[in-house]
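Each residue of the sequence shown is one higher than the last, beginning at 1 in the UniProt record's numbering.
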Amino acid sequence: DHNVLYARDDDWKRLRSISSSVFSNVKLKKVYPLLMECIDDFVDVLRDFAKNGEDIDLKELSGNLSMDVIAKCAFATRINAYTDANNPFITNAKNIFHPNIFKIGAGLMMPERWLQFLNITSIFDETSNEFFFSISRELVKNRRIHKKAYKDFLQLLIDSENTDAKHEDGAQNANLAKEAPNQTESKTKARLTENEIISQSWLFLLAGYETASTAIAFCFYELALNPDTQERVYDEIQEAMGPDGQFDYDTLCALPYLDAVISESLRLYPPFTRVEREVKCDYQLADTNIKLKAGDLVHISIYAVHHNEEYFPNANQFIPERFLPENRHQITPYTYIPFAVGPRNCVGLRLALMEMKVSVANVIN
C-alpha cells in the first residue's frame, strides 16, 4: 500500500504528485544519459547478430533492454542481461514477473482470513520481493551518508523528501514534443518515507519491464514488415541528427514521423489491454439508461476501442500517418488511450515513450 498503484485518497494524491514530478520532462533529461548507455549495449548486441546473420528473438532482447534500464535507472545497478542470465538481479526479477499460479488462484477465490491462515500475503515471490527491498534500503542508507550527484530515479525520489513536488499533467499521447505547453503544475508539500521510496522502486520494476519490452518488440515487428515506413523514419533521423552523429532528448521528442510510428504501434498493441475504475458516486451516463452506482467497477477495453473501425478506419492496419500533426485532430478524444487516461493514468508514460523512441531511433540509424 506504500506505492502509487495501491494508495488511496490523500496518500495517493501525495504519492502521485511526487511520482509525476520524478517522471517530468525536466527530470527525464537528467536520466537520458543513463538510458543511452543501455541503448548502446542493445545496439551492439543487434550489430553482432547482424554480422553473423543470425535470427533473433526480439521479445527476449527487448526484455533484456528493459531489464538493463530498470537496473541502471531505478536501482543504480549495472548488469548485462544479454550475457549474465544468472545475475541475482535478473533471476529474482523473473521470479516476480512469473508469479505462482496457486497464489493467483487463491487470491482471486479465497476470503482474506483463509489467505492469512495459509500465510499468503502476496501473489509475488516474497524472497525475490525482499531482494529488491534490501537493495533499495541499502542504497537509500548509503546515499544519505555519502551525498553525491547521482542522476537516477532513486535519487530523484530521495531528493523529493526535501523539496516541493510539482504535479505535472500532460497530454495522453506519444507526442512528447507537445506535452510541455499543455502541462499544469501545482506545488504540493510532499515527502516520501523510506518505505515509500522502496515501494516506488519496486513498482518501477513491476510496471516498467513487461510493458516497455513488449511495446518495443511490437514496434520493431511492424517496422520490419513495413520497409517503406522504416526508410522514412531513417530519413527523418538523419536530417535531425547533430554534427556529432547524435541526437539529444529535445531533438528526439520533436520528430513527428517517429512519434507517429510509436503512436500507431501503441494503438495496435497497447501495453494494457484493459483498465478498470471504481465509481466514487452514483452517476448516469448521458443519453443512455445506464446508471452507475458508487462502488461499481467499470472495465474499459483499451484494445477494443483501439481496434474499433468507427474511430480508426482500417483499424487492423499499421498506418502511422493517422497520427501525424495534420491528421491527429481527426482522432476522437479518449479513443487513443494506450496508457489509460485521467488522474490515474500510467505515471511512467513519458519514460516508456522515451525508451521506445531512443531504441527505435538508434537501431534504425
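Glycine included, every Cβ here is placed at the ideal spot set by N, Cα and C.
8 Å Cβ cutoff met for Leu-65 and Phe-42: yes
Flag this pair as touching only if the region 212-228 and the region 278-291 have three or more C-beta atom pairs under 8 Å; answer yes or no. no
Environment of Gly-295 [buried if 16+ CB atoms lie within 10 Å]: exposed
Please report the Cβ distance between residue 372 and Leu-205, rounded to the nearest whole angstrom; I am assuming they are in contact, meaning their Cβ atoms lie under 8 Å. As displayed, the chain neither begins before 1 nor continues past 365, which places residue 372 out of reach and without an answer.
Can you tell me whether Arg-78 is buried or exposed, with buried defined as 16 or more other CB within 10 angstroms of its CB? exposed
Exposed or buried, Val-347, counting other C-beta atoms within 10 Å across all chains shown (16 or more means buried)? Val-347 should be labelled buried.
Measure from the alpha carbon of Leu-203 to the alpha carbon of each residue in Gln-246, Phe-153, Ser-160, Thr-214, then state which is nearest. Phe-153
Can you tell me whether DSSP reads Ala-340 as helix, strand or coil? strand
Distance CB(Arg-267)-CB(Pro-338) smaller than 8 Å: yes
Under the rule that 16 or more other beta-carbon atoms within 10 Å means buried, what is Gln-155, buried or exposed? buried
Cα-Cα, which of Thr-273, Glu-130, Asp-235, Ala-93 is closest to Asn-195? Glu-130
Closest Cα partner of Tyr-334 within the set Ser-301, Ile-319, Gly-53, Asp-250: Ser-301
Exposure of Lys-51, with buried meaning 16 or more beta-carbon neighbours within 10 Å: exposed
Rounded to the nearest angstrom, how far is the Cβ of Ser-213 from that of Ser-62, given a contact under 8 Å? A Cβ-Cβ distance of about 4 Å is found for the pair Ser-213 and Ser-62, placing them in contact under the 8 Å criterion.
Buried or exposed (CB count within 10 angstroms, at least 16 for buried), Leu-15: buried
For a quick check, are the C-beta atoms of His-299 and Arg-274 less than 8 Å apart? yes
So what does Glu-278 bridge to, in DSSP terms? The partner list for Glu-278 (beta bridge, DSSP) reads Leu-297.
Taking only runs of the beta strand (DSSP E) that begin and end inside the region 238-291, which ones reach a length of at least 3 residues, in chain order? You should have 274-278.
Simplified DSSP state of Asp-169, which is helix, strand or coil: Unreliable placement is indicated for Asp-169, whose pLDDT of 42 sits below 50; the coordinate value is still reported in the next sentence. In the structure shown, Asp-169 sits in a strand (DSSP, three-state: E or B).
Gly-208 - DSSP class collapsed to helix/strand/coil: Annotated three-state conformation of Gly-208 is helix, per DSSP.
The alpha helix (DSSP H) enclosing Leu-5, as first and last residue numbers: Per DSSP, Leu-5 belongs to no alpha helix (DSSP H) and is neither H nor E.
Locate the alpha helix (DSSP H) running through Gln-155, then write down its first and last residues. Gln-155 -> alpha helix (DSSP H) spans 153-159.
Is it right to say Lys-280 is buried, meaning 16 or more other beta carbons lie within 10 angstroms of its own, or is it exposed? exposed
Going by C-alpha distance, which of Ala-7, Pro-271, Pro-256, Asn-345 is nearest Arg-328? Pro-256
Proximity below 8 Å, CB of Ala-215 to CB of Tyr-269: yes
Got a sec? Which residues, its chain only, sit under 7 Å from Ile-70 by beta carbon, not counting five neighbours each side? Here the set comprises Phe-204, Leu-205, Gly-208, Tyr-209.
For Gln-116, which of helix, strand or coil comes out of DSSP? helix
For residue 403, the first and last residue of its enclosing alpha helix (DSSP H): In the structure as shown, the chain begins at 1 and stops at 365. Residue 403 is therefore absent and cannot be evaluated.
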